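As structure tokens, the structure follows; a few thoughts come after it.
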Amino acid sequence: QVLHMDFEWKTNNMCIMLDTKLAMPFLGTKQILINSIHIKGD
Numbered sequence: 003q004v005l006h007m008d009f010e011w012k013t014n015n016m017c018i019m020l021d022t023k024l025a026m027p028f029l030g031t032k033q034i035l036i037n038s039i040h041i042k043g044d
């Protein structure tokens with residue numbers, strides 16, 4: 003039971019890390035888009 007929980011926790015951690023790595027480029031482009039729109043607004 004404990005080992006199973008530990009394994010589950012590790013896989014969850016890996017998924018979160020992968021999600022973060024995958025999301026980072028998208029967050030970067032989103033930030034650039036927001037910045038360019040903001041400049042155009044001025």
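Its first residue numbered 3, the sequence shown is counted upward by one per residue in our numbering. Positions of the beta carbon are idealized from the N, C-alpha and C atoms, including for glycine. Predicted, not measured: the structure shown is a model, and the values here were computed from it.
Spatial distance of residue i from residue j (CA atoms)
| i | j | result |
| --- | --- | --- |
| residue 11 | residue 42 | 45 angstroms |
| residue 24 | residue 4 | 30 angstroms |
| residue 40 | residue 9 | 45 angstroms |
| residue 7 | residue 14 | 10 angstroms |
| residue 27 | residue 35 | 12 angstroms |
| residue 20 | residue 38 | 28 angstroms |
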